[in-house]
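Residue 460 in our numbering is what sits at position 355 of the first sequence, and the numbering runs on without skipping anything.
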Amino acid sequence: MLMSQLYAPTLRETPAEAELVSHQLMLRAGFMRRSASGMYTFLPLGLRVIRKVEQIIREEMNAIMGQEVLMPIVQPAELWQESGRWGDYGAEMFRLQDRNGRQFCLGPTHEELITALVRSEVRSYRQLPLRLYQIQNKYRDEIRPRFGLMRGREFIMKDMYSFDKDEEGLDASYWAAYHAYERIFKRCGLEVHPVEADSGAIGGDVTHEFMVLAEAGEDFVLFCPDCGYAANVERAEGVDQPGEAPQDDLQPLEEVATPKISTINQLCAFLNREPKDCIKTLIYLADGKPVAALVRGDHNLNEIKLRKLLKCQVLELADAETIGRVTGAPVGFAGPVGLQVPLYADFAVRQTVNAVVGANKQDYHLLNANLGRDFVVTTFADLREAQPGDPCPRCSGILEGARGIEVGQVFKLGTKYSKAMGATFLKEDGVETPLIMGCYGIGVGRTVAAVIEKNHDDDGIVWPISIAPYHVVIVPVSMKDPVQAEAAQKLYNELVAAGIETVLDDRDERPGVKFKDADLIGFPIRVTVGPKSLEKGELEIVIRRTKEVRSLPVDQVLAAIREIVEGGDLG
RNA sequence: CGGGGCGUGGCGCAGUUUGGCUAGCGCGCCUGCCUUGGGAGCAGGAGGCCGGAGGUUCAAAUCCUCUCGCCCCGACCA
């Protein structure tokens, strides 16, 4: 490809719309442009990167017996009504109608479609296992699209769906996908960390997310440096440290005026106590019914855990009116003593002694509230959000925290969709049984964004060879010098003939401009064709990542480049 | 959806508070000269119904009302 022909409009200045480095660089380097909030056009360079990531995914999916299919983006409402998700998905689903008024959506995911496909064709255990995957655009009308490809409304996703006859089969499919993911991200030059995760609305119990640790990440993960335990904060377990609180030295309950003090921090400053000496009382509505959740003052409640414990559909913080009705006080003064709703408490509450709690009375708190004597908890459970510094739930280590970008997730779905949609098969014994499913997603665009987040410097992107849009750029210092132009063209022909993806920067620009663009775009290898080295019969190879310069005789350049490209990553 | 910010040539911005004459600057773009090892220099030039609609006024980028779009924080979320 000739640079003069390549449609890669680079920008000298950072576009105001972009916040993240990866987003800025993709715009600046001419890889993509925005068309609407959360939707992007990929320009030639961007598309080449996307295609390379897709190709790596294809190879690894095929290697675990995945077969590629292509499904419609527009999906009929009936299928989603069957699974029950037409209602559940809510405003996040792009919906549309055809001319006859039939309802459709732009597929946010494809479980329904694939299940419908398979149920009409798979009849027997002899046809299993079956692993189908697709790579295509999916649509979610996100509340807040942001960070370029990181959270778009239209995004490219690979999803594989597995169908097995039993749990062992599902387990095999799950771990095959898990290990394929490790290979895929490694080939893309990413270090990923599989973490235990919450399965959210998609259902199922066992699930891992593949995280790239980066400040730009929207997720928070906790991990144990000793035993390797790693989990999304949504999922990470809090430890139930054994033992009851000491029963001696209980002080008498005492009411204390705390005017206008309604947060733990204000309270601690006012009373000169530590947050861990307080108990937070949060009033929730679980499917409309008020409940109280108790966590220690230095902890945060994990709503996902509470929702699971209560087995409720809708869980939301109660409004001020409900809080007033339940506690008899305005927001900020709720406490467990005397509350007439079920109390669900985190394990850590069990160890508190002489705690500070709300008095259920405006501008008052209680000192020395004690479990058993002053209030009774309905159920103790792991309800708090784990945090760095907590004990590891698997060993004696201490958890650390980091932000992460979720680039992939694997789920054991079980029979949620096959049951709802009647996707069954006959087992060896002739019994009709729902298919056992798994699903395995990779955000292609997000993976590219993550690679840039982890591989850039002040000058631009530093692509790993494996997904670079081109391997090499040839930069003649001056195209007007026929000697340089000829040498550059000759090398270009040789590289292309050798199957090396090469761009020749044939523009009549000053060298500085061409070097800047080359760095910005991030070609892993640059060959400079200049008068100084040509006189000696040499060319210069510059490694983008290290800026290392190697001067080589002209006739050795091809071999050297080939070695670098075939050697894979430059480390 | 709540809070905040921004819409002025392709990009980045000034001008808006305190209405006023041909709407500016930098970059990019076009022509010519010159230059060629890290975003050169000189000269000339093109390009904007100031997001849109309505209103106030002798006069609106600037004031008022409505609207659309984009970005950030939060809540939310495979």
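Just so you know, even glycine gets a beta-carbon here, dropped at the ideal spot from N, CA and C.
All figures in this text were calculated on a predicted structure; none of them were measured in a lab.
Which of helix, strand or coil DSSP assigns to residue i
i: His561; result: strand
i: Gln661; result: helix
i: Glu490; result: coil
i: Lys501; result: The question names Lys, but residue 501 is Ser in the sequence shown. Coil, per DSSP.
i: Tyr758; result: The question about residue 758 has no answer, for the chain in this structure spans 106 to 676.
i: Phe452; result: helix
i: His576; result: coil
i: Tyr145; result: strand
i: Asn465; result: coil
i: Asp276; result: helix
i: Val227; result: coil
i: His470; result: strand
i: Lys637; result: helix
i: Pro299; result: strand
i: Val549; result: helix
i: Ser304; result: coil
i: Pro181; result: strand
i: Val396; result: strand
i: Tyr112; result: coil
i: Leu211; result: strand
i: Cys417; result: coil
i: Cys373; result: helix
i: Ile648; result: strand
i: Gln346; result: coil
Nearest residue (CA-CA) to residue i, options the options
i: Ser109; options: Asp622, Gln492 and Leu644; result: Asp622
i: Ala763; options: Val582, Gln186, Met584 and Asn560; result: There is no way to answer for residue 763, as the model of the chain reaches only from 106 to 676.
i: Asp403; options: Lys413, Gly429, Leu372 and Glu421; result: Leu372
i: Val400; options: His470, Ala391, Asn370 and Glu490; result: Glu490
i: Asp269; options: Arg231, Arg258 and Leu358; result: Arg231
i: Arg251; options: Arg551, Asp310 and Ala464; result: Arg551
i: Thr483; options: Leu414, Ile161, Thr633 and Met255; result: Leu414
i: Tyr522; options: Ile541, Val515, Ile161 and Val536; result: Ile541
i: Leu222; options: Ala168, Asn370 and Ser267; result: Ser267
i: Ile579; options: Phe199, Ile630 and Leu358; result: Ile630
i: Asp271; options: His128, Glu118, Ile648 and Pro539; result: Pro539
i: Asp310; options: Thr607, Val515 and Glu165; result: Val515
C-alpha distance - residue i paired with residue j, whole-angstrom precision
i: Leu531; j: Ala525; result: 17 Å
i: Leu275; j: Ala341; result: 24 Å
i: Lys416; j: Met131; result: 43 Å
i: Ser225; j: Glu217; result: 13 Å
i: Gln356; j: Val419; result: 39 Å
i: Arg667; j: Lys157; result: 19 Å
i: Gly506; j: Gln492; result: 7 Å
i: Pro441; j: Tyr469; result: 13 Å
i: Ile155; j: Arg258; result: 17 Å
i: Met106; j: Thr520; result: 50 Å
i: Gln202; j: Gln208; result: 5 Å
i: Leu625; j: Asp563; result: 9 Å
i: Arg228; j: Thr529; result: 7 Å
i: Asp345; j: Ala336; result: 17 Å
i: Ala590; j: Gly135; result: 25 Å
i: Leu518; j: Leu411; result: 22 Å
i: Pro658; j: Asp495; result: 59 Å
i: Leu211; j: Met144; result: 14 Å
i: Ser583; j: Ala123; result: 34 Å
i: His298; j: Pro114; result: 35 Å
i: Glu614; j: Ile557; result: 27 Å
i: Glu653; j: Val632; result: 12 Å
i: Ser367; j: Ala464; result: 11 Å
i: Glu273; j: Trp280; result: 11 Å
Same chain only: Cβ atoms within 6 Å of residue i, ignoring 5 sequence neighbours per side
i: Ser320; result: Checking the displayed sequence, the identity of residue 320 turns out to be Glu instead of Ser. Cβ neighbours of Glu320 beyond the five flanking positions: Arg508.
i: Ala397; result: Thr386, Ile388, Leu444, Val446 and Leu448
Cβ neighbours of residue i in the same chain (closer than 7 Å, five flanking residues each side left out)
i: His215; result: Met176, Gln239 and Asp264
i: Arg499; result: Cys329, Cys332 and Tyr334
i: Gly502; result: Cys329, Pro330, Asp331 and Cys332
i: Thr363; result: Leu372, Phe375, Asp468, Tyr469 and His470
Cβ shell of residue i (< 8 Å), same chain only, five flanking positions each side left out
i: Tyr112; result: Gly135, Leu148 and Pro149
i: Gly676; result: Below a pLDDT of 50, predicted positions are generally treated as unreliable, and Gly676, at 45, falls in that range; the measurement from the model is reported next regardless. Arg650, listed in sequence order.
i: Asp677; result: Within the shown structure, residues of the chain are numbered from 106 to 676, placing residue 677 beyond reach of any answer.
Contact between the segment 286-293 and the segment 476-492 (3+ Cβ pairs under 8 Å): no
Cβ pair count under 8 Å reaching 3, the segment 504-519 against the segment 323-332: yes
The segment 527-547 touching the segment 590-598, judged by at least three CB pairs closer than 8 Å: no
Touching by the beta-carbon criterion (3+ pairs, under 8 Å), the segment 136-154 and the segment 179-187: no
Cβ contact (3+ pairs, closer than 8 Å) linking the segment 451-467 and the segment 297-304: no
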